[in-house]
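Asker:
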Ligand code: MRU
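In the numbering used here, the protein residues as written are 114 to 464.
1. How many Å lie between residue 246 and residue 333 at the Cα?
2. My guess is that residue 379 and residue 347 are in contact by the Cβ rule of under 8 Å, so how many angstroms apart are they, rounded?
3. Between which two residues does the alpha helix (DSSP H) holding residue 71 run?
4. Could you tell me which residues DSSP puts in a beta bridge with residue 273?
5. From residue 312 to residue 394, what distance separates their C-alpha atoms?
6. For the ligand FAD, is there a heavy atom less than 6 Å away from the beta-carbon of residue 363?
7. On the CB-based measure, 16 or more other CB atoms within 10 Å of its CB, does residue 231 come out buried or exposed?
8. So what does DSSP say about residue 283, is it helix, strand or coil?
9. With a threshold of 8 Å, are at least 3 pairs of Cβ atoms found where one atom belongs to the stretch 257-266 and the other to the stretch 137-152?
10. According to DSSP, simplified to helix, strand and coil, what is residue 165?
11. Using CA atoms only, rank isn't needed, just tell me which of 172, 210, 209 and 207 is closest to residue 197.
12. Would you report the Cα separation of residue 115 and residue 278, rounded to the nearest angstrom?
13. Just to check my reading of the structure: residue 149 and residue 174 have Cβ atoms closer than 8 Å, yes? What is that Cβ distance to the nearest angstrom?
14. Using only the alpha-carbon positions, how far apart do residue 374 and residue 240 sit?
15. Roughly how far, in whole angstroms, is the beta-carbon of residue 287 from the beta-carbon of residue 345, given that I think they are within contact range, below 8 Å?
16. Quick check on residue 296: does DSSP put it in helix, strand or coil?
17. If I follow the unbroken alpha helix (DSSP H) through residue 197, where does it start and stop?
18. With a 10 Å radius around its C-beta and 16 neighbouring C-beta atoms as the bar for buried, classify residue 416 as buried or exposed.
19. For residue 242, which residues from the same chain have a beta carbon less than 7 Å from its beta carbon, with the 5 sequence-adjacent residues on both sides left out?
20. Measuring CA to CA, which of 353, 339 and 176 is closest to residue 238?
21. Is residue 147 near the ligand MRU, judged by its Cβ being under 6 Å from some heavy atom?
22. From residue 362 to residue 132, what does the alpha carbon distance come to, in whole angstroms?
23. Which residues bound the alpha helix (DSSP H) around residue 430?
24. Return the chain-ordered list of same chain residues with a C-beta closer than 8 Å to the C-beta of residue 401, the five sequence neighbours on each side being excluded.
25. Given the structure, does residue 285 come close to the ligand MRU, in the sense that its CB is under 6 Å from one of the ligand's heavy atoms?
26. Please classify residue 136: is it buried, with 16 or more other beta-carbons within 10 angstroms of its beta-carbon, or exposed?
27. If you draw a straight line from the alpha carbon of residue 368 to that of residue 215, how long is it in whole angstroms?
28. With contact counted as at least three CB pairs below 8 Å, one residue from each stretch, are the stretch 182-198 and the stretch 157-166 in contact?
29. Mark residue 406 as exposed unless 16 or more other C-beta atoms lie within 10 angstroms of its C-beta, in which case mark it buried.
30. Starting from residue 379 and walking both ways along the alpha helix (DSSP H), at which residues does that stretch end?
31. Three-state secondary structure (DSSP) at residue 327?
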């Protein structure tokens with residue numbers, strides 16, 4: 114059974130329990146967040162990471178932010194709630210699921226503004242748990258919808274971690290692999306280690322091994338060579354934000370993998386829930402790209418690997434243009450040749 118990445122413990126006065134992903138694979142340890150600052154910190158430092166998981170963390174974080182409110186009426190409460198969502202939204206800018214989760218919590222509070230403050234708080238807790246439970250079934254649906262792309266005997270390349278750890282418990286890109294394994298398909302996975310923070314090496318390799326899936330770890334700069342050797346027949350990765358035209362932000366290095374796949378005529382799939390689409394932005398040019406601290410690059414392996422004071426550029430994500438994407442696998446179905454029209458046809462008016 115997959116491990117739950119993040120859970121709410123107790124009643125409205127409870128706390129969040131999450132796997133500290135910075136310690137994996139050497140240590141499987143849970144951390145507890147009982148105030149808004151600690152969940153903000155957990156998101157910022159990647160204790161909890163991956164677009165759908167930080168959407169859930171944001172929604173549960175809202176409950177931490179309002180549980181001790183002294184507001185006596187709904188309108189004062191809603192003002193406090195806005196401060197809470199603005200603060201949580203300042204933790205990481207790229208994954209739209211965070212903002213989607215926060216907006217959903219705000220909407221629920223607005224819709225219930227005729228209730229007492231205590232009742233609104235209880236409703237918000239139920240909504241955060243609902244978001245988590247929905248993610249579990251959404252990810253299983255993504256697995257079912259994408260499994261046709263894992264034919265018997267193929268090699269699959271993935272980048273970063275779009276597994277159970279990046280979601281409530283089952284993953285997006287890895288959901289497709291978990292489903293293929295459940296159906297008894299034989300296939301091999303090549304996992305890019307994913308510099309600088311090694312989500313591929315630390316998390317994807319670990320998760321696939323736990324599931325008994327044949328996984329081989331490679332450094333990011335080996336992907337082209339492995340493709341040229343004929344070992345890869347498809348690429349499946351996750352997403353942090355998909356623009357209305359299908360341009361997709363995902364972990365830094367994904368864009369390069371898409372170019373390599375194109376050069377070798379290898380299909381390139383994105384697996385993501387509908388909540389990862391941001392139809393308010395026309396193209397990938399408008400996706401905010403998080404830049405992280407230089408230490409992640411200069412001290413990435415537990416010791417200094419670059420000269421003191423060297424200049425560093427550390428963007429955490431890049432954008433793969435829609436033209437490099439063969440299809441986007443969602444819980445609602447598969448969008449082949451993603452474009453404004455094809456996305457709108459499947460998603461309708463979702464924003
Ligand atoms: O910086 P991270 O580890 O949060 O980046 C995660 C990714 O890029 C994942 O591929 C993406 O969020 C999809 S998770 C299902």
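Backbone N, C-alpha and C fix where the C-beta goes; we use that ideal spot for every residue, glycine too.
Answerer: The structure says:
1. Start at 1 with the first residue of the chain shown, and residue 246 comes out as number 133. Start at 1 with the first residue of the chain shown, and residue 333 comes out as number 220. Cα atoms of residue 246 and residue 333: separation of roughly 34 Å, rounded to the nearest angstrom.
2. Numbered from 1 along the chain shown, position 266 holds the residue referred to as residue 379. Numbered from 1 along the chain shown, position 234 holds the residue referred to as residue 347. At roughly 6 Å, the Cβ-Cβ gap stays under 8 Å, so residue 379 and residue 347 are in contact.
3. Any property of residue 71 remains undetermined from this structure, which presents the chain solely from 114 to 464.
4. For the purposes of this step, residue 273 is taken as residue 160 along the chain shown, with counting starting at 1. Paired residue(s): none; residue 273 is not in a bridge.
5. As a working mapping, residue 312 is identified with position 199 in the chain shown. As a working mapping, residue 394 is identified with position 281 in the chain shown. Looking at the two C-alpha atoms, the distance is approximately 28 Å.
6. No copy of the ligand FAD appears in this structure; the ligands present are the ligand MRU.
7. Stepping through the chain shown from its first residue, residue 231 is reached at position 118. Exposed, because fewer than 16 other Cβ atoms sit within 10 Å of the Cβ of residue 231.
8. Indexing the chain shown from 1 puts residue 283 at position 170. Three-state DSSP puts residue 283 in coil, outside helix and strand.
9. Taking 8 Å as the limit for Cβ pairs, the verdict is that the stretch 137-152 does not touch the stretch 257-266.
10. In the chain shown, counting from the first residue as 1, residue 165 sits at position 52. Residue 165: helix per DSSP, three-state reduction.
11. Along the chain shown, read from residue 1 onward, the residue named residue 197 stands at position 84. When only C-alpha atoms are compared, the closest one is 172.
12. The residue given as residue 115 occupies position 2 in the chain shown. The residue given as residue 278 occupies position 165 in the chain shown. Straight across, the Cα-Cα distance linking residue 115 with residue 278 is about 9 Å.
13. Counting from one through the chain shown, the residue named residue 149 turns up at place 36. Counting from one through the chain shown, the residue named residue 174 turns up at place 61. Contact between residue 149 and residue 174 holds, since their C-beta atoms are separated by about 6 Å, short of 8 Å.
14. If you number the chain shown from 1, residue 374 lands on position 261. If you number the chain shown from 1, residue 240 lands on position 127. Between residue 374 and residue 240, the C-alpha separation is close to 40 Å.
15. Taking the chain shown and counting its residues from 1, the one referred to as residue 287 is at position 174. Taking the chain shown and counting its residues from 1, the one referred to as residue 345 is at position 232. Distance from residue 287 to residue 345 at the Cβ level is roughly 16 Å; contact not present, criterion being Cβ atoms closer than 8 Å.
16. Counting from one through the chain shown, the residue named residue 296 turns up at place 183. The DSSP-derived three-state label of residue 296 is coil.
17. Taking the chain shown and counting its residues from 1, one reaches residue 197 at position 84. Residues 187-202.
18. Sequence index remark: in the chain shown, residue 416 carries index 303 (1-based). In summary, residue 416 is exposed, with fewer than 16 beta-carbon neighbours lying within 10 Å of its beta-carbon over all protein chains present.
19. As a working note, residue 242 is residue 129 in the chain shown. Cβ-Cβ distances below 7 Å link residue 242 to 121 in the same chain, with the five nearest sequence neighbours on each side left out; the list follows chain order.
20. Translated into the one-based positions of the chain shown, residue 238 becomes position 125. When 353, 339 and 176 are compared, the shortest CA-CA separation from residue 238 is found for 176.
21. Numbered from 1 along the chain shown, position 34 holds the residue referred to as residue 147. No, the ligand MRU has no heavy atom inside 6 Å of this Cβ.
22. Counted from its first residue, the chain shown places residue 362 at position 249. Counted from its first residue, the chain shown places residue 132 at position 19. So the alpha carbons of these two residues sit roughly 25 Å apart.
23. As a first step, residue 430 is located in the chain shown; it is residue number 317 there, counting from the start. That residue, residue 430, is in no alpha helix (DSSP H); its beta strand (DSSP E) goes 430-433.
24. Translated into positions along the chain shown, residue 401 becomes position 288. Result list for residue 401: 206 and 207, in chain order.
25. The sequence position of residue 285 within the chain shown is 172, counting from 1. For residue 285, the distance from the CB to the nearest heavy atom of the ligand MRU is below 6 Å.
26. Residue mapping note: residue 136 aligns to position 23 of the chain shown, counting from 1. Note on residue 136: under 16 other CB atoms within 10 angstroms of its CB, so exposed under the neighbour-count rule.
27. Position 255 of the chain shown holds residue 368. Position 102 of the chain shown holds residue 215. Their Cα atoms are separated by approximately 28 Å.
28. At 8 Å Cβ cutoff, the stretches do not touch.
29. Residue numbering aside, residue 406 sits at position 293 when the chain shown is read from its first letter. By the Cβ neighbour-count rule, residue 406 is exposed, with fewer than 16 other Cβ atoms within 10 Å of its own.
30. As a working mapping, residue 379 is identified with position 266 in the chain shown. First-last for residue 379: undefined, no H or E at that position.
31. One-based indexing of the chain shown puts residue 327 at position 214. In the structure shown, residue 327 adopts extended strand secondary structure according to DSSP, grouped into three states.
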